[in-house]
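Chains as they are written, first to last, in this note's numbering: chain A, 86 to 414; chain B, 411 to 599. Glycine included, C-beta positions come from ideal geometry on N, C-alpha and C. If you're wondering where the values come from, they're calculated on a predicted model, not measured in any experiment. Heads up: the structure comes next, in structure tokens.
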Amino acid sequence: MAKVTIDGQTIEVPEGTSILNAARMIGGEIVPPAMCYYTSLETSGGYCRTCMVKVVKGSEKDPRPMPKLVASCRQPVMDGMEVQNITSPEVIEARAGVVEFLLMNHPLDCPICDQAGECNLQDLGYEHGKDGTRYEFERREFEKKDIGDKIQLHMTRCILCYRCVKVADQLCPSRVHGVMNRGDVSEISTYIEKAIDNEMSGNMIDVCPVGALTDKTFRFKSRVWFTKPVEAHRNCTKCSGNVRLWFKGADVLRVTGRKDEWGEVKEFICNECRYDKKSVSDWVIEQPTHVDRHSVISQNHYENLKQMKLDTQRIKAKLPEKKTNGNTK
Amino acid sequence: MQSLTNRKKVVGKKEMTWVEKLYLPAILGGMRITLKHFFTKKATISYPEQKREFSQIYRGMHVLKRDEKGAERCTACGLCAVACPAEAITMVAAERKKGEENLYREEKYAATYEINMLRCIFCGDCEDACPKESIFLTDRIVPSDFERNEFVYGKDKLVETLENPIDVSIRQTPEVLEFKKNKKLTHNR
């Protein structure tokens with residue numbers, strides 16, 4: 086076990102835990118944001134630099150501070166390590182810079198984008214970004230590419246987090262897309278214009294932190310905050326069958342995996358559950374999804390009172406959060 | 411309790427005098443007040459023949475604006491509907507097809523857009539929420555009607571016509587007008 090102090094809060098975590106995960110165990114404001122790190126995808130993280138923190142004391146044995154800010158998703162904790170996140174002005178400044186870089190080429194088409202309302206980049210820009218932009222040039226543009234009838238690709242919105250590439254690598258039996266070209270012009274693309282049509286490919290939609298990969302069957306159907314999420318399951322031979330349904334009235338508009346409070350899906354779902362089962366009779370509905378009340382999705386969203394009572398009790402007693410129900414931020 | 415206005419009159423139960431029993435002085439007193447009002451200035455006007463001057467910040471019937479090329483500005487982003495405290499706005503989005511670029515400004519547009527004028531409280535929050543400078547409140551009055559469902563205004567009543575554009579520059583702050591001069595921004599192109 087290693088003892089690590091993050092923004093003055095000490096916690097003991099197993100050896101090899103990353104700073105980001107240690108911070109998530111503590112929870113609250115001190116958790117660094119992450120755009121590319123994804124717990125269930127191996128080798129993810131390290132690209133976006135939004136989770137950078139300052140290590141003021143390396144470890145008990147070697148108390149020297151680390152010379153530069155480190156990416157907390159890739160840096161394992163050491164015994165006696167002291168980390169500053171929101172208490173360090175340097176980190177806040179650097180993070181604002183990273184947000185500015187991410188938004189440099191990102192089109193401001195949130196009014197059109199289907200991801201708006203559940204977009205990690207929107208949250209990041211809102212919480213950590215600056216008001217204006219200093220970028221005066223044209224934003225990069227790409228030729229429109231059709232990658233099949235299920236997934237809509239908007240390359241202009243991509244922040245190159247590589248999450249979808251990891252999904253293709255690790256979940257799908259054969260890798261059919263990757264990142265082409267380099268630097269400013271790099272883009273995710275299907276190899277030789279091949280459509281993505283294997284079992285689990287739909288999870289790229291869920292892992293995408295922005296609106297670059299969105300559900301084509303949900304395209305422009307409704308804004309996220311006019312739909313009501315509920316947890317549901319069905320017997321599926323290909324996946325766990327545990328999903329989140331997004332209702333509008335009595336219609337299921339969209340099926341997604343269950344994102345937890347960090348916006349990550351633990352149980353990936355298959356394409357059959359995602360695209361083909363859009364009738365209420367296909368599903369066993371468990372309960373309304375717990376929606377963070379600061380989220381725009383919580384507009385006119387009323388949860389069961391029992392859950393709310395449990396939540397208030399938990400907050401009052403300062404108990405750790407139960408990990409069974411996913412939270413949508 | 412102490413009176414606030416000093417206009418309070420205590421009603422007694424004492425018997426009326428002979429003059430009071432005639433009631434004539436009281437009736438004449440009442441008639442005098444009525445007659446006086448014949449000669450005072452009227453509180454009402456005969457709308458629509460006569461119209462009052464509107465305040466610059468008057469908030470009346472909505473308009474959905476078109477851009478300089480005549481394309482509809484609204485992209486059905488739903489921010490007006492989520493900002494609306496009376497939940498008066500509903501919309502259905504659709505994707506712009508090829509060849510409709512002159513009709514709709516962005517790749518998504520509002521196929522239907524409805525405001526329930528009976529629900530609307532004319533607070534102007536939709537105008538504040540709009541990121542596309544599409545919806546504005548104008549100095550036009552919502553006319554009265556006999557049917558309730560006539561008050562659900564669709565795009566036919568809300569979108570301005572090309573022949574008869576509605577000037578909303580009065581509703582835009584100097585900051586907005588300054589911002590619009592910067593043609594480098596995609597918003598203004």
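Taking the alpha-carbon of residue i as reference, which of the options has the nearest alpha-carbon?
i, options, result
"residue 289(A)", "249(A), 121(A) and 267(A)", "249(A)"
"residue 516(B)", "245(A), 305(A), 346(A) and 206(A)", "305(A)"
"residue 576(B)", "449(B), 458(B), 545(B) and 522(B)", "545(B)"
"residue 502(B)", "510(B), 484(B), 581(B) and 556(B)", "484(B)"
"residue 366(A)", "351(A), 337(A) and 379(A)", "337(A)"
"residue 315(A)", "361(A), 382(A), 297(A) and 356(A)", "382(A)"
"residue 247(A)", "292(A), 379(A) and 334(A)", "292(A)"
"residue 121(A)", "143(A), 108(A) and 206(A)", "206(A)"
"residue 379(A)", "346(A), 86(A) and 322(A)", "346(A)"
"residue 174(A)", "189(A), 159(A) and 154(A)", "154(A)"
"residue 541(B)", "474(B), 512(B), 562(B) and 566(B)", "474(B)"
"residue 145(A)", "307(A), 87(A) and 353(A)", "87(A)"
"residue 559(B)", "412(B), 498(B) and 492(B)", "498(B)"
"residue 204(A)", "348(A), 358(A) and 157(A)", "348(A)"
"residue 188(A)", "168(A), 200(A), 177(A) and 209(A)", "209(A)"
"residue 570(B)", "439(B), 480(B), 486(B) and 549(B)", "480(B)"
"residue 573(B)", "476(B), 489(B) and 436(B)", "476(B)"
"residue 159(A)", "123(A), 275(A) and 267(A)", "123(A)"
"residue 92(A)", "131(A), 126(A) and 176(A)", "176(A)"
"residue 317(A)", "191(A), 373(A), 165(A) and 311(A)", "373(A)"
"residue 332(A)", "324(A), 364(A), 343(A) and 219(A)", "364(A)"
"residue 169(A)", "127(A), 225(A), 107(A) and 218(A)", "107(A)"
Given that a residue counts as buried once 16 or more other Cβ atoms are within 10 Å of its Cβ, and exposed if not, what is residue i?
i, result
"residue 113(A)", "exposed"
"residue 295(A)", "buried"
"residue 521(B)", "exposed"
"residue 222(A)", "exposed"
"residue 258(A)", "exposed"
"residue 597(B)", "exposed"
"residue 277(A)", "Note that residue 277(A) scores a pLDDT of 45, beneath 50, so its modelled location is shaky and nothing firm can be said."
"residue 320(A)", "exposed"
"residue 447(B)", "exposed"
"residue 514(B)", "buried"
"residue 163(A)", "buried"
"residue 416(B)", "exposed"
"residue 137(A)", "buried"
"residue 335(A)", "exposed"
"residue 457(B)", "exposed"
"residue 285(A)", "buried"
"residue 303(A)", "buried"
"residue 462(B)", "exposed"
"residue 260(A)", "exposed"
"residue 299(A)", "buried"
"residue 441(B)", "exposed"
Please confirm if residue i has its CB atom under 7 angstroms from at least one CB of chain B.
i, result
"residue 197(A)", "yes"
"residue 305(A)", "yes"
"residue 310(A)", "yes"
"residue 384(A)", "yes"
"residue 414(A)", "Residue placement at residue 414(A) is flagged as unreliable, the pLDDT there being 42, under the threshold of 50; a coordinate-derived value is accordingly withheld."
Between which two residues does the beta strand (DSSP E) harbouring residue i extend?
i, result
"residue 329(A)", "327-333"
"residue 87(A)", "87-91"
"residue 94(A)", "94-98"
"residue 29(A)", "The question about residue 29(A) has no answer here: the residues shown for chain A are numbered 86 through 414."
"residue 474(B)", "472-474"
Please tell me whether residue i has its Cβ less than 7 angstroms away from any Cβ of chain A.
i, result
"residue 498(B)", "no"
"residue 569(B)", "no"
"residue 492(B)", "yes"
"residue 588(B)", "no"
"residue 487(B)", "yes"
"residue 593(B)", "no"
"residue 503(B)", "yes"
"residue 565(B)", "no"
"residue 518(B)", "yes"
"residue 541(B)", "yes"
Between which two residues does the alpha helix (DSSP H) containing residue i stretch?
i, result
"residue 110(A)", "104-111"
"residue 275(A)", "Looking at the DSSP string, residue 275(A) is not in any alpha helix (DSSP H); the run it does join, the beta strand (DSSP E), is 272-275."
"residue 420(A)", "Any property of residue 420(A) remains undetermined from this structure, which presents chain A solely from 86 to 414."
"residue 255(A)", "248-255"
"residue 291(A)", "288-292"
"residue 437(B)", "434-448"
"residue 207(A)", "205-213"
Can you list the residues of chain E that residue i reaches, using a CB-CB cut of under 7 angstroms?
i, result
"residue 178(A)", "The structure shown has no chain E; the protein chains it does contain are A and B."
Segments assigned alpha helix (DSSP H), at least 4 residues, entirely inside the segment 484-566 of chain B: Unbroken alpha helix (DSSP H) stretches of 4 residues or longer found wholly inside the segment 484-566 of chain B: 489-493 and 535-539, given in chain order.
Could you give the uninterrupted runs of the alpha helix (DSSP H) lying entirely in the segment 316-387 of chain A, keeping only those of 4 residues or more? Within the segment 316-387 of chain A, no complete alpha helix (DSSP H) run reaches 4 residues.
Going residue by residue through the segment 111-148 of chain A, where are the continuous beta strand (DSSP E) segments of at least 3 residues, counting only ones entirely within it? Within the segment 111-148 of chain A, the complete beta strand (DSSP E) runs of at least 3 residues are 137-142.
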